[in-house]
Structure formats: C-alpha cells, structure tokens
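**Student:** Have a look at the structure that comes next, please.
There are 4 protein chains.
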Amino acid sequence: MSNPTATLLISCPDQRGLVAKIANFIYANGGNIIHADQHTDFSAGLFLTRIEWQLNGFNLPKDLIAPAFNAISQPLGAKWQLHFSDTIPRIAIWVSRQDHCLYDLIWRHRAKEFAAEIPLIISNHPHLKVVADQFGIDFHHIPITKENKPEQETKQIELLRQYKIDLVVLAKYMQIVSADFITQFPQIINIHHSFLPAFVGANPYHRAFERGVKIIGATSHYITTDLDAGPIIEQDVVRVSHRDEVEDLVRKGKDLERVVLARAVRLHLRNRVLVYGNRTVVFE
Amino acid sequence: MSNPTATLLISCPDQRGLVAKIANFIYANGGNIIHADQHTDFSAGLFLTRIEWQLNGFNLPKDLIAPAFNAISQPLGAKWQLHFSDTIPRIAIWVSRQDHCLYDLIWRHRAKEFAAEIPLIISNHPHLKVVADQFGIDFHHIPITKENKPEQETKQIELLRQYKIDLVVLAKYMQIVSADFITQFPQIINIHHSFLPAFVGANPYHRAFERGVKIIGATSHYITTDLDAGPIIEQDVVRVSHRDEVEDLVRKGKDLERVVLARAVRLHLRNRVLVYGNRTVVFE
Amino acid sequence: MSNPTATLLISCPDQRGLVAKIANFIYANGGNIIHADQHTDFSAGLFLTRIEWQLNGFNLPKDLIAPAFNAISQPLGAKWQLHFSDTIPRIAIWVSRQDHCLYDLIWRHRAKEFAAEIPLIISNHPHLKVVADQFGIDFHHIPITKENKPEQETKQIELLRQYKIDLVVLAKYMQIVSADFITQFPQIINIHHSFLPAFVGANPYHRAFERGVKIIGATSHYITTDLDAGPIIEQDVVRVSHRDEVEDLVRKGKDLERVVLARAVRLHLRNRVLVYGNRTVVFE
Amino acid sequence: MSNPTATLLISCPDQRGLVAKIANFIYANGGNIIHADQHTDFSAGLFLTRIEWQLNGFNLPKDLIAPAFNAISQPLGAKWQLHFSDTIPRIAIWVSRQDHCLYDLIWRHRAKEFAAEIPLIISNHPHLKVVADQFGIDFHHIPITKENKPEQETKQIELLRQYKIDLVVLAKYMQIVSADFITQFPQIINIHHSFLPAFVGANPYHRAFERGVKIIGATSHYITTDLDAGPIIEQDVVRVSHRDEVEDLVRKGKDLERVVLARAVRLHLRNRVLVYGNRTVVFE
C-alpha cells in the first residue's frame, strides 16, 4: 500500500455534467484517477459511480476531502461514501459449528486477499474456539436461547464496539439476528446456502434434494430485517445429479459457500459494492 | 441406425441379484449390451436402471421381448418401459409468439440431433405460421380464451391423435395446460424461464431483475398438474450484472431456454430420463 | 433508436486529468453521458476508456465532433475511434458447409440483437445457398483452391466494397484468409472451435478427444496474420465426459460456437471492444 | 463405514455377456451391488466398468475374492483392480512454498471428505513446516538441486516406503519428478495451474495474461514421464477480464486449484477413476 487511494461511491439523481463535475474536483486538486466506473439505472433515474484516485500528489489533506466534496455534491442531491485504502477495516466473524467458511476467511486473510484485520470471532457454540486459538484470534462464546437473546445481543454489540468492528461476517452463523441489532449495527454480510430466492429459510439443501434440482447455489448478501431478502452481492452455482444425496449437496455446497462469501467480503472491503434500494451495483 | 437397439428403463424395489437377473436375460438371448447404468435411491429403497443392447443377433423377436421380460420383472415388483431405437417418436411443438426455441428445435432436428419426427406445430397465435411454412411443417392455430379452453383442448387432443404424436414440447407456449388435458396426454416437456423453484409462475425475468439476482436460469421439466413443479430434467444458468436491464435478462435467457430445452428433449428421446416420484434420474 | 448516441473508444498514455478533459468536452457541448468506463493497464502505461453520450441536445453537429475532439486528443497522444449509433454497420457472413452459426446469426439479427444489416453471404461451397434464399440474403459462391486463392480473394474484396461491408464474420469458414487480404480488410471476427490457445489449427475436437480433456471451449477473436492468435473477444466452455465421442464434442461445441460468436459480434457492434497490442478491453 | 464394500475396476476387450458374467459372480456369492456403471469405448474396442458391492453377507472371504475373480477374468482378457473400502489409503502431500492446496486438503481430510490418512508432508522448502506442526503431521524438508536430485529422490522413495504411502499428491510442488521416480512410484496426482493442454510448463498465469484469454483453468492429472501430459482426472475454469492483472489470475487460480485437486483426489480415493491409454473414465 505504498500509494494509498481515496474512493468515492456516489448515487445521485441523473443529470448532465455529473462525470465532468466529479472528475474536475479530483483533477483540480491534482488527483490521479486509477479507477472510474459508472452505471445509470434509467428506471430509477439514478446515476451511480465509483471513482478511486491516488492520494500521493493530491492537494487536499484527507480530512478536508469530505467537506470539500460536500460542497459539490449537495446541489446535485447526491448520497456518497468516502473511503481511504490506508484505513484498514476490522472484521468480526460470527460462526456456529461449521468451520469451512471460518478457515477459508482466515486463510485468505493471511494470504493478503483481504485488506482488513480479523481481531474477533463470536459464536453461539464453543466448538470453534480451537480454530480461533490456532490462529491467535479472540473468541467469545455467546450462547443464544429464545429467552436470553436480547441481553446476549447487547453483549454482542458491546463486543463490536470494544473491538472497533466495522463489518460483521456471518460465516454460517445459524441464528437470526434481530431487527433491533441490525438497526444498531447494519454492516453485516451473510452467506445463505441456496440460490436465492429459491429455498429461503431453513434446510435449503434438504429442500433442493426433495425438489430434484439439477443445480444448487449459494448467495452472499447484506443482512436486512427481511429474512434472506437483503441486497445480493454475489451468487454462484454447481451442478448436482441424481447420484448426489443430501450429504453430497452439503459437501458441494460448502465449496460454493466458501468462495461466494469470500468474493462478497473482498468486494465489500475494496469498496466495490454500492447498495441502492434492495439492489447492488458491483463495480468490478 | 444400421444397428438398432432396445432399451429398458426399470425401477424396482432394491434387492440382491437385480443386475445379474436383467443382464442374464439379455445375455441368454444373445444380446450385446452397449449401455448399462444403475442408481440406487437408498432412502426410497429403489433400484433404477437403464440398459441398452443391440437387436442384431438378439434371439427374441421384438414383439416377444416385453412378454418375456414381464416374466422376470413381475416377481421383482418392477415397473419398466421398453423402447426400440428404430421406432421414431413423433413430436408436436407448441408455441405462442416467441420463435427462438422453435427455430432451435427445428434446426437441431435437421442437424440430426433428435431421432424424431416433427410433423406438427400448434399455437394459440397465428404469428409463427411463417416459420412452419418455411420448413414445411403443418401449423394449427388454436386460440385460447377462458371460455373456449375446454373445447380447444379437445381439438388439441384430436390433433395429437391424428398426427400420432408421442411427445408434446412446450417451446414457450404461454398458456397453462389443464389437468384434464395432462391426464389424457401426460408426455409433455416444458421450458420455464427461471431457475426453478425460484420465480414460479409469470414474469420470472422481471422478478429476477427486481430481486437483484446475479445469476439467472432456465429449467426444463415434465408437466404435471402442479404449476412449474413437475420433475426437472435439466437446468442451466448464466451470469447477469447490474448493467443488465430486464430486456437483457430476456435476451440472455433466450440462449439458456434454447439449450436447456434442447438438452431435455434429446435426453428424453434417447430414453435417458427415468421419472420416479417428483424426481428424475438422468442416465447420461 | 429514438435517441442516438455517440461513442468514443480511446487509448492514451496514462496521465492526470484524462477523465476530466474528456468529460468536460462532452459536458461543455451539452452532452448527457450514459456510459463511461475506463481501464488502466499499469504495465503498459495505458489509459483506455469508452464513453457514450446522447446526441439529442449535443451542441456540436456530428461532422464536427471528430475535428473538435482531435484538438483535445492530439496533445494527449491519444488514439481514438468515434461511432454513431444511428450509423448501421453492414456485415458479410462467410461460411463453408456448417449452418449452425449462420442460422444463429440470422435469427439474432431478426430478433434485433444486432444493430446491423446482413446483405451478403460468401461461401467456398454452394451448400448454404438455400439458407441465404430462405431469408432473402445475397449469396456468392467463391470456391477456393491453392491455385486460385489470390484471384478469388480479389473477388471477395470487390464484393465487400460493392456491398459496403464494415465487418466480416467468419461463421465456420474453413479456409485461411491470406495476410494480404487481412491488410486490405482488417475488420474480421472469427470463431475457433477450441479454448485457445489449446488446439490451435485443424481438428480441435479430435485432438481434444485424444487428449482426454474434461472441458471443451470455443473462442471468438479478431483475425490477424498469425493463425488463431488474434485478440480474443470472448470464450466459453462446456463440460464433457468419457461418454462423449468426437461427434458429441462436435455437437456440444456447436452450441458454444453459436453463442460465443454471437456475443463477440454483438460486443463489437455495440463498440464495446477496444483492441490494444494483442489484447482486448471489453467494456461490458 | 459400518458396511464395507468391495470395488472392481475392470477394462476388457468388448464381447457379449460381460455384464452378466461379472454380475453373476457377485450374485452367486451373495453380494448386493450398490453401484455398477460401464462404458464402452467403441474405437478402442474396450469395455470398462466399475462395480461395487457390500461385503456383509458376501460368501467369499476378502482374500479369496481376487483369485476367484481371476478365474473369470482371465479367459476374458480383462485387466482389473480390486479395492476394499475398509482398507484406508495413506497419502503423502508434497508442497513447495504455497499453502492453499495444503490447507485445503488437510481441512477436507478433517471434514471426512477423504477416506484416507495423511501421515506425511514432504517439501523442497522449509516454509510450510508450521502448517504441518499445526495439524500434527510429519514434515520432511528435502531440498532439491540439479546436483542432488537423484539422491534426494532416493530419500523420498524411502520415506514413502517407511510411511507406507499409497498415493502422492503434488499440491503445488514446483519441481519436476524424474522418470525414474515415477517408474518406482507411479501413483501420483498433480495439480497444474492451467487449462491443459493450454500453457503446459512454467508460468501459465503469466502466459495466460499475455495471451489475453477470457477464462483460466486448472487441471488435475496423473503424473507420467511426459510433462503435464498425463491422464486428466478433472478440470475447471473461471472467467477473467481485462481488469485482472497477473496477480488476480493467480488469486482466482488458487480457488480453482484447491477445488480441482480436491475433486481429483476424492475421485481417486473412492476408486472412481479408471485409466486406459492416456485417458480416464470417471465413474461418477
């Protein structure tokens, strides 16, 4: 990261001159754009863009970029986020008993696929503490019952604050997160083990087997209060046949889950995902 | 087809000696097996097999094979179908206004991908008569309204009888076929323009767009009285992105529909599909 | 095409302010940008961009856009092409004996997937004249031998001029086009029936079968004087198994060839492909 | 493994009665067949089959099955292998510096995807000893130079004997194994980081980047003395675009390598792969 960058993710009512105005703002301050992509959703009348430029040689100090850009964006009615590549996000991974996504995320982190830190693992079961220990990551066991859910979610929120977490990754966390929790901490990516919107809810592999599908899938999406209905970031599929029992679907599905979740997390961390309505623009 | 074959598709309660008994029946009569595949569904306790042998050199005349095999299969409690490769099935293609699957099926027929005849096209619209004329296939325009459906279905059934049709292929026929019709003529393959069971029913591409999926699919299945819920023969998918409008999904979907329907029809015609319950075994 | 657009495809040594300068040129003249995408090839030090804007409301008349943009681009050392969506390109399809890509391209043309005209088919065999007749397209039979190749290529060039052809699509044309021809008419898209660079040259399906591959592919590329080595526009693959004979690879390959060639032609016609060196940027 | 099975993999000149004779052998001894699949390679005149039956209730003791089957197979001119599911194969994983396939194989082993033991890791570098230690697997560092290769290979062979290894998995082992070694120990599965036969040899990702391909692949194959030309077990691919630098190809390729190698190893361990000539039949 010898040459850090700034990234703007902007959504704005479509109008003439948007590209010019944004590009001029960066050029006028001496920035070198290394990525610019835009999308127009004609039915929504929305212009959506991602623009990334190098901070070396940029005349505005980092803390003045947001206020300066605000002056441009306000008359346009734009919503935007500003990210710096040298501000490293902090991730909490939440798991239950299955370890495949956890191992995979940790391995990718160590392989430098994620520009992030992973200081915290939370689980409703104690089983995966050994994995956390193996890689020196703090592990908190927070069991959930119908009765204790509100107080346990309070503990979870406290932990996220204490560890300064920016993103929660539900890596096969088999509990529903409450609407209240999501309101307090909305940055949550989930992996669902089906090709959504097929097989929303529990036991998707069993239901895929019973339906006799010839392809199964996995879906990574942002969590909203509507179960398995949040904005989709990434999906992928694999062929199955009549020879595949439910346990084969589960096994094949694990490979999908790992790679689909990892791609979604990586896209998010590189500020490539712009949510609007219940959809995402993925600037790849 | 210089060397015609016979094919048995058998489903049978699982028990010892099934492979031996069936193989012995063919060997004892001098048959040379060129394809044998089996599947055991342990949860259903079912043995399912496909076995194909050359008729040249087979000692039993064609009309005695079924009764002879019956003597073996009855004690086993087996259900079976017998097909001869030199009995050419006759297909009726049903369409509405879209021509892509129709052109594709006709082209594949002429390219010898289907061992079948296509003497009949039925449509609820007159538009595709020009295509039928182009390739010299009889075209019957049978418009459907809420009121006339029963009598029109009677006409359809009569046409199927008159043309000695073995298989109806719904190649984007945008009408629901009644339960009564299906009872009278159950051999119907449909193409549905979604990755079932996602987006059952009308306007799957619009709904896929609204849900913001990253992959769309197509599904070919046998028709049952349960809408879009019959046994799946084949599915395939293609990636889409935020840049794809509904019309792009439709365009990309057409390529899927063509190839998925064609594969399903070809599998069926080669007697590779064995239906049991609401599932298929595809002996590829 | 009620609202025609102009599209610039630009490649340029990377430097600060490129996006701003280009966007300002369009904004200053009242243009509404509907697509802008860029790519920086850091190793080549190249900035590559595609920018499309609506002509309605644009202050510069069409014939002044190029000279006006030249004034901006020359100091930048940029190479560029300018295309107007209401200038409809004219395609010649070249075939030999196989009809699948030909039928497919014609069907897509009629389905409005290609904003182009197809006034001419050229073949070294007479067989596909019936298809040309079926759809009312002029067909010229130009047989090629070792001896007559130079004079026949002269005839081909004359036909391309006479029909005002902008793009030649080799839709399974099984002859090598000479370097001399390519120099005179460089806009040629080919479909090669393998996953290049595997199986360059003749009989790729036979060689794929002998090698025992588990996946086969097809590749669409621009023709250069280096056989099967031109810039790749699109590739796709399909699984095969030990059960697939060479004729099955050919059959499965045809489906790939159709769709891969069609995607490449469509990308080219929409001015989405920018060639630099032996590579393409595909602005999708 | 409460009900162990025996599996025969047979290749045999094609002739009448093969299925019957083999099935009878098993039925006559009270065996219950749970998987039987066959393939006829007509051009080679070969019948290839895999047949698996339960040992519980089988009348022949395990050590008499081979001699008994020999009496049947010899007159047929068949080659065959006999495997028992309760004989657990022992794997040595060979690595260099990259850890992704190693971690993946270990994780799958622990997830019970492989019915095998992994008692030994061999590397020409010391770096991955930490991974071996983490999971309690013996690690031997055997550095290779041009000069010491013969003696080091002798050490490797000794280790394989000492650890009673049945299968060597080259999990990104970046050294060529000598013909002499392969003669002594022929059961070796490799992962090559390209879609073979494209990019045989060194630096496939760099060469794929330079060629401008739109899809990259990975190939798992048995090692022969012909570099990267052994019988292919499994291949898979992933899309890339102009935005992907070489390092992105490497990253995306790692995901392919992991899953393709794992599938090949699992197929081998389940005795699903039958090699003949330079091809494989994969009985899935």
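Residue numbers (the working numbering), protein chains in the order written: chain A, 1 to 284; chain B, 285 to 568; chain C, 569 to 852; chain D, 853 to 1136.
We put the beta carbon where it would ideally sit given N, CA and C, even for glycine.
Please name the residue, chosen from 674(C), 689(C), 691(C), that lies closest to residue 683(C) on a Cα-to-Cα basis.
**Tutor:** Taking the first residue of the third sequence as 1, we reach residue 683(C) at position 115. Of 674(C), 689(C), 691(C), the residue nearest in Cα terms is 674(C).
**Student:** Tell me, please, whether the CB atom of residue 1117(D) is closer than 7 Å to any CB atom in chain C?
**Tutor:** Numbered from its first residue, the fourth sequence carries residue 1117(D) at position 265. So no, residue 1117(D) is outside the interface.
**Student:** Whole angstroms are fine: how far does the CA of residue 1133(D) sit from the CA of residue 891(D)?
**Tutor:** Position 39 of the fourth sequence, counted from the start, is the residue given in the question as residue 891(D). Position 281 of the fourth sequence, counted from the start, is the residue given in the question as residue 1133(D). Approximately 8 Å between the Cα atoms of the pair.
**Student:** Note down the Cα distance separating residue 138(A) from residue 20(A), rounded to an integer number of angstroms.
**Tutor:** The sequence position of residue 138(A) within the first sequence is 138, counting from 1. The sequence position of residue 20(A) within the first sequence is 20, counting from 1. So the alpha carbons of these two residues sit roughly 47 Å apart.
**Student:** If you run the structure through DSSP and keep just helix, strand and coil, what is residue 969(D)?
**Tutor:** Here residue 969(D) corresponds to residue number 117 of the fourth sequence, with the count starting at 1. Strand at residue 969(D).
**Student:** Buried or exposed: which applies to residue 392(B), given that a residue is buried once 16 or more other Cβ atoms fall within 10 Å of its Cβ?
**Tutor:** Taking the second sequence and counting its residues from 1, the one referred to as residue 392(B) is at position 108. Buried is the call here.
**Student:** Smallest Cα separation from residue 798(C): which of 813(C), 839(C), 843(C)?
**Tutor:** In the third sequence, residue 798(C) corresponds to position 230, counting from 1. Out of 813(C), 839(C), 843(C), 843(C) has the C-alpha closest to the C-alpha of residue 798(C).
**Student:** With residue 234(A) and residue 269(A) assumed to form a contact (beta carbons below 8 Å), what rounded beta-carbon distance in angstroms separates them?
**Tutor:** Sequence index remark: in the first sequence, residue 234(A) carries index 234 (1-based). Sequence index remark: in the first sequence, residue 269(A) carries index 269 (1-based). About 13 Å; that fails the 8 Å criterion.
**Student:** So which residues of chain C does residue 1086(D) contact, with C-beta pairs closer than 9 Å?
**Tutor:** Locating residue 1086(D) in the fourth sequence gives position 234, where the first residue counts as 1. At a C-beta separation below 9 Å, residue 1086(D) has these neighbours in chain C: 782.
**Student:** Using a Cβ-Cβ cutoff of less than 7 Å, which residues in the same chain neighbour residue 488(B) once the five nearest sequence positions on both sides are dropped?
**Tutor:** Within the second sequence, the letter at position 204 stands for residue 488(B). Setting aside the 5 residues that flank it on each side, residue 488(B) is surrounded in the same chain by 477, 478, each with a C-beta closer than 7 Å to its C-beta; the list follows chain order.
**Student:** What residues of chain C sit near residue 543(B), judged by a beta carbon separation below 7 Å?
**Tutor:** To locate residue 543(B), count along the second sequence from 1; it is residue 259. Those are 823, listed as they occur along chain C.
**Student:** Assign residue 665(C) to buried or exposed, taking buried as 16 or more other Cβ atoms, counted over all protein chains shown, within 10 Å of its Cβ.
**Tutor:** Residue 665(C) sits at position 97 when you count from the first residue of the third sequence. With fewer than 16 Cβ atoms within 10 Å of its Cβ, residue 665(C) is classed as exposed.
**Student:** Assuming residue 786(C) contacts residue 804(C) under a Cβ cut-off of 8 Å, what Cβ separation, rounded to an integer in Å, is found between them?
**Tutor:** As a position in the third sequence, residue 786(C) is number 218, starting the count at 1. As a position in the third sequence, residue 804(C) is number 236, starting the count at 1. Confirmed, about 6 Å.
**Student:** Checking contacts by CB at 7 Å: is residue 354(B) closer than that to chain D?
**Tutor:** Numbered from its first residue, the second sequence carries residue 354(B) at position 70. Chain D, which has no Cβ nearer than 7 Å to the Cβ of residue 354(B), makes this no.
**Student:** Rounding to the nearest angstrom, what Cα-Cα distance links residue 225(A) and residue 83(A) in this structure?
**Tutor:** Locating residue 225(A) in the first sequence gives position 225, where the first residue counts as 1. Locating residue 83(A) in the first sequence gives position 83, where the first residue counts as 1. Roughly 26 Å separates the two Cα atoms.
**Student:** For residue 578(C) and residue 601(C), which I take to be in contact (beta-carbon distance under 8 Å), what is that distance rounded to the nearest angstrom?
**Tutor:** To locate residue 578(C), count along the third sequence from 1; it is residue 10. To locate residue 601(C), count along the third sequence from 1; it is residue 33. Actually they are not in contact, since the Cβ atoms of residue 578(C) and residue 601(C) sit about 14 Å apart, beyond 8 Å.
**Student:** Let me check understanding here. Comparing Cα to Cα, which of 214(A), 227(A), 247(A) lies closest to residue 238(A)?
**Tutor:** Numbered from its first residue, the first sequence carries residue 238(A) at position 238. Answer by Cα proximity: 214(A).
**Student:** Would you say residue 205(A) lies against chain D (beta-carbon separation less than 7 Å)?
**Tutor:** Along the first sequence, one-based indexing puts residue 205(A) at 205. Chain D, which has no Cβ nearer than 7 Å to the Cβ of residue 205(A), makes this no.
**Student:** Could you work out which residues of chain A lie near residue 845(C), taking near to mean beta carbons separated by less than 9 Å?
**Tutor:** Taking the third sequence and counting its residues from 1, one reaches residue 845(C) at position 277. The contacting residues do not exist; residue 845(C) stays about 20 Å from chain A at best.
**Student:** Give the interface partners of residue 805(C) over in chain D, defined as CB-CB distance under 7 Å, in chain order.
**Tutor:** Position 237 of the third sequence holds residue 805(C). Going along chain D in sequence order, the residues near residue 805(C) (Cβ under 7 Å) are 1067, 1089.
**Student:** If we count the other Cβ atoms within 10 Å of its Cβ and call it buried at 16 or more, is residue 456(B) buried or exposed?
**Tutor:** The residue you call residue 456(B) lines up with position 172 of the second sequence. Result: buried.
**Student:** So, using beta-carbon positions, are residue 659(C) and residue 727(C) closer together than 7 Å?
**Tutor:** For the purposes of this step, residue 659(C) is identified with residue 91 of the third sequence, where counting begins at 1. For the purposes of this step, residue 727(C) is identified with residue 159 of the third sequence, where counting begins at 1. Not a contact, by the Cβ cut-off of 7 Å.
**Student:** Is there a Cβ of chain B sitting closer than 7 Å to that of residue 885(D), yes or no?
**Tutor:** For this step, residue 885(D) is matched to residue 33 along the fourth sequence. Yes, contact with chain B.
**Student:** I believe residue 937(D) touches residue 857(D) by the beta-carbon criterion, under 8 Å. Please report the beta-carbon distance rounded to the nearest angstrom.
**Tutor:** Position 85 of the fourth sequence, counted from the first residue, corresponds to residue 937(D). Position 5 of the fourth sequence, counted from the first residue, corresponds to residue 857(D). Right, the Cβ-Cβ distance comes to about 5 Å (below 8 Å), so this counts as a contact.
**Student:** Comparing alpha-carbon positions, which option in 8(A), 101(A), 63(A), 71(A) lies nearest residue 259(A)?
**Tutor:** Counted from its first residue, the first sequence places residue 259(A) at position 259. If we check each option's Cα against that of residue 259(A), 101(A) comes out closest.
**Student:** Look at the alpha carbon of residue 330(B) and the alpha carbon of residue 481(B), and state the distance between them as a whole number of angstroms.
**Tutor:** As a working note, residue 330(B) is residue 46 in the second sequence. As a working note, residue 481(B) is residue 197 in the second sequence. Cα to Cα, residue 330(B) sits roughly 25 Å from residue 481(B).
**Student:** Grab the span of the alpha helix (DSSP H) containing residue 1014(D) for me, first residue to last.
**Tutor:** Stepping through the fourth sequence from its first residue, residue 1014(D) is reached at position 162. Where residue 1014(D) is concerned, the enclosing alpha helix (DSSP H) stretches over 1001-1014.
**Student:** For residue 600(C), which three-state DSSP category applies?
**Tutor:** For the purposes of this step, residue 600(C) is taken as residue 32 along the third sequence, with counting starting at 1. If DSSP states are grouped into helix, strand and coil, residue 600(C) belongs with the strands.
**Student:** Exposed or buried, which one is residue 678(C) when buried takes at least 16 other CB atoms within 10 Å?
**Tutor:** Stepping through the third sequence from its first residue, residue 678(C) is reached at position 110. That one is exposed.
**Student:** Are the region 454-472 of chain B and the region 425-440 of chain B touching by the rule of at least three beta carbon pairs closer than 8 Å?
**Tutor:** Touching, yes, given that three or more Cβ pairs across the two stretches are closer than 8 Å.
**Student:** Any contact between the region 707-721 of chain C and the region 418-437 of chain B? By contact I mean 3 or more CB pairs, one from each, below 8 Å.
**Tutor:** no
**Student:** Which of the residues in the region 219-234 of chain A, read from start to end, lie with their CB under 7 Å from any CB of chain B?
**Tutor:** 231, 232, 234
**Student:** Among 119(A), 56(A), 121(A), which one has its Cα closest to the Cα of residue 3(A)?
**Tutor:** As a working mapping, residue 3(A) is identified with position 3 in the first sequence. Selected option, being the one with the closest Cα: 56(A).
**Student:** Rounded to a whole number of angstroms, what is the C-alpha to C-alpha distance between residue 301(B) and residue 365(B)?
**Tutor:** Within the second sequence, residue 301(B) is the residue found at index 17, counting from 1. Within the second sequence, residue 365(B) is the residue found at index 81, counting from 1. Approximately 20 Å between the Cα atoms of the pair.
**Student:** Taking the beta strand (DSSP E) that residue 368(B) belongs to, which residues open and close that run?
**Tutor:** What you label residue 368(B) is simply residue 84 of the second sequence in a count that begins at 1. That run of the beta strand (DSSP E) goes 363-368.
**Student:** Using the beta-carbon of each residue, which ones in chain D are nearer than 7 Å to residue 134(A)?
**Tutor:** As a position in the first sequence, residue 134(A) is number 134, starting the count at 1. Within 7 Å Cβ-Cβ: 986.
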